[in-house]
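Peer 1:
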Amino acid sequence: MTTKTQQLLMIILIIVLNVVVCFTLLKSLLAIIPLLTSMMLWIYFQRLTKFKAELNKSSEQNKKIKEELHLLKQTITDQEKAIQLYDLKIFPLKDKKRLHELEEMIHPSDKTHFQNMLNPPYSKNPFSFDCRLAHENENQQRWAEIRLISSGQSSSYCLVIDITDRKEKEQKYKQMAYYDELTDLPNRTMLNSHLRKALSRAKRKNHSISIMFIDLDGFKQVNDTHGHEAGDLLLKEVAIRLNDSVREEDLISRIGGDEFILVFEETSKEEVASISNRILDKMKEPFTLLDHHVKISPSIGISKFPDNANSINELIINADKAMYYAKKQGKNNYQFFTSDLQEQDTNKSFLNKLLEMFQKNERS
Numbered sequence: 001m002t003t004k005t006q007q008l009l010m011i012i013l014i015i016v017l018n019v020v021v022c023f024t025l026l027k028s029l030l031a032i033i034p035l036l037t038s039m040m041l042w043i044y045f046q047r048l049t050k051f052k053a054e055l056n057k058s059s060e061q062n063k064k065i066k067e068e069l070h071l072l073k074q075t076i077t078d079q080e081k082a083i084q085l086y087d088l089k090i091f092p093l094k095d096k097k098r099l100h101e102l103e104e105m106i107h108p109s110d111k112t113h114f115q116n117m118l119n120p121p122y123s124k125n126p127f128s129f130d131c132r133l134a135h136e137n138e139n140q141q142r143w144a145e146i147r148l149i150s151s152g153q154s155s156s157y158c159l160v161i162d163i164t165d166r167k168e169k170e171q172k173y174k175q176m177a178y179y180d181e182l183t184d185l186p187n188r189t190m191l192n193s194h195l196r197k198a199l200s201r202a203k204r205k206n207h208s209i210s211i212m213f214i215d216l217d218g219f220k221q222v223n224d225t226h227g228h229e230a231g232d233l234l235l236k237e238v239a240i241r242l243n244d245s246v247r248e249e250d251l252i253s254r255i256g257g258d259e260f261i262l263v264f265e266e267t268s269k270e271e272v273a274s275i276s277n278r279i280l281d282k283m284k285e286p287f288t289l290l291d292h293h294v295k296i297s298p299s300i301g302i303s304k305f306p307d308n309a310n311s312i313n314e315l316i317i318n319a320d321k322a323m324y325y326a327k328k329q330g331k332n333n334y335q336f337f338t339s340d341l342q343e344q345d346t347n348k349s350f351l352n353k354l355l356e357m358f359q360k361n362e363r364s
């Protein structure tokens, strides 16, 4: 075989091998095409599913917007029904007619504040305030929060949100925190808060404060004889009679047991004495408790700012001392704190210290 023949055979062999390799590769490629196609279809399906979900979400948002627009229509066409059934109302500021209808929904006492909020400079900034809603049934008080949003733009709105439930809960918590559960009178916490403000006003305006400390004579006997239920009823009745004896602006608080503290601002000694006599007269009438008629009497002690006290603690302590002096004077009377009582208290404290020292020396 010649050299040329050998070379020709070698070339043919190489060509055949290349053809075989190409055929094999082509066959492998054809084998993975279905797999690649499946992967592409899966990716496409995932994207399609995500797009569909976003489309549904957008559809729900559009539905919500339509519902709010429907609510706006309900608010305008049927105001009372809208107040009762919905939590949100929307009022465009450009629509004066709708704003007027919103104003008509607001309680008369809160209208002025709302009108001020819609006028410059307030209307240039977002605002929010709580107000009462006018309602045919005065016993069914409803509250709303009014918000101004996007102020200054053509698309500004007033949002009205029903917050009646929130207000009722706030009132319930306030009642528990600041009022006596039995008598509904202000408790010690409310008393302290009121006294701080009253004392600040008195110092600023240079006027007086009177504190009246009342303890009920015979209350323990009522409890022991007729039971605690009768005692509770008695305290409630006493609270009512005290309310009937004072002015609307005066504070009556129950600080525990059968003890009450009353606060009077800008009252003379003669006026406080007149109120004390009125209380004594009110308490003379027998109390009817569980078919039993009982009688009690109050012992009343009074202290005044700035005459004999400069702080809340001093006012209460001195009124308490005057009350105990009233008990010593036969009960069922009132006594003003005086410097003589302070001197007696000082002497008593001095004698107690001497007695304590004597007892210590005796033991040693």
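Residue 286 in full-length UniProt numbering sits at position 286 of the sequence shown, and the numbers go up by one each step.
Quick reminder that beta carbons are idealized off the backbone N, C-alpha and C, glycines included.
(1) Can you give the Cα-Cα distance for V246 and M283, rounded to whole angstroms?
(2) Tell me the DSSP secondary structure of I296 in three-state form.
(3) Starting from E265, follow the beta strand (DSSP E) in both directions and report where the run begins and ends.
(4) Just to confirm the assignment, what range does the alpha helix (DSSP H) spanning F219 have?
(5) Around the Cβ of D258, are there at least 16 other Cβ atoms within 10 angstroms (buried) or fewer (exposed)?
(6) Give the straight-line distance between the Cα atoms of I323 and T338, rounded to the nearest whole angstrom.
(7) Alpha carbons only, please: which of V272, D165, T49, S193 is nearest the one belonging to Y178?
(8) Buried or exposed for P108, going by 16 or more other Cβ atoms inside 10 Å?
(9) Curious, which full-length alpha helix (DSSP H) runs of at least 4 residues does the region 170-258 contain?
(10) Since P286 contacts V294 with CB under 8 Å, what's their CB separation in whole angstroms?
(11) Which residue or residues does DSSP assign as beta-bridge partners of S303?
(12) What is the DSSP secondary structure of I83, reduced to helix, strand or coil?
(13) Mapping the DSSP letters down to three states, classify D291 as helix, strand or coil.
(14) Using DSSP's beta-bridge definition, name the partner residues of Y325.
(15) Measure the alpha-carbon distance for R254 versus L102 and round it to whole angstroms.
Peer 2: Once the coordinates are examined:
(1) On the sequence shown, position 246 is the one that residue 246 refers to. On the sequence shown, position 283 is the one that residue 283 refers to. Between V246 and M283, the C-alpha separation is close to 13 Å.
(2) Looking up residue 296 in the sequence shown gives position 296. In this structure, I296 counts as coil in the three-state DSSP scheme.
(3) For the purposes of this step, residue 265 is taken as residue 265 along the sequence shown, with counting starting at 1. Taken as a continuous stretch (DSSP letters only), the beta strand (DSSP E) holding E265 covers 259-265.
(4) Residue 219 sits at position 219 when you count from the first residue of the sequence shown. From DSSP, the alpha helix (DSSP H) with F219 extends over 219-226.
(5) Taking the first residue of the sequence shown as 1, we reach residue 258 at position 258. By the neighbour-count rule (16 or more Cβ atoms within 10 Å), D258 is buried.
(6) Residue 323 sits at position 323 when you count from the first residue of the sequence shown. Residue 338 sits at position 338 when you count from the first residue of the sequence shown. According to the sequence as given, residue 323 is Met; it is not Ile. Rounded to whole angstroms, M323 to T338 spans 12 Å at the Cα level.
(7) For the purposes of this step, residue 178 is taken as residue 178 along the sequence shown, with counting starting at 1. Answer by Cα proximity: S193.
(8) Position 108 of the sequence shown, counting from 1, holds the residue named residue 108. P108 comes out exposed.
(9) For the region 170-258, the full-length alpha helix (DSSP H) segments reaching 4 residues or more read 188-205, 219-226, 228-245 along the chain.
(10) Taking the first residue of the sequence shown as position 1, residue 286 is located at position 286. Taking the first residue of the sequence shown as position 1, residue 294 is located at position 294. Contact flag correct, Cβ pair sits at about 7 Å.
(11) Start at 1 with the first residue of the sequence shown, and residue 303 comes out as number 303. Paired residues: I211.
(12) Taking the sequence shown and counting its residues from 1, one reaches residue 83 at position 83. Because I83 sits at a pLDDT of 37, beneath the cut-off of 50, its placement in the model cannot be relied upon, and the point is left open.
(13) Here the question's residue 291 lines up with position 291 in the sequence shown. DSSP places D291 in coil when its eight states are reduced to three.
(14) Counted from its first residue, the sequence shown places residue 325 at position 325. According to DSSP, which records beta bridges pairwise, Y325 is partnered with nothing at all.
(15) Along the sequence shown, one-based indexing puts residue 254 at 254. Along the sequence shown, one-based indexing puts residue 102 at 102. Each residue's alpha carbon lies about 43 Å from the other.
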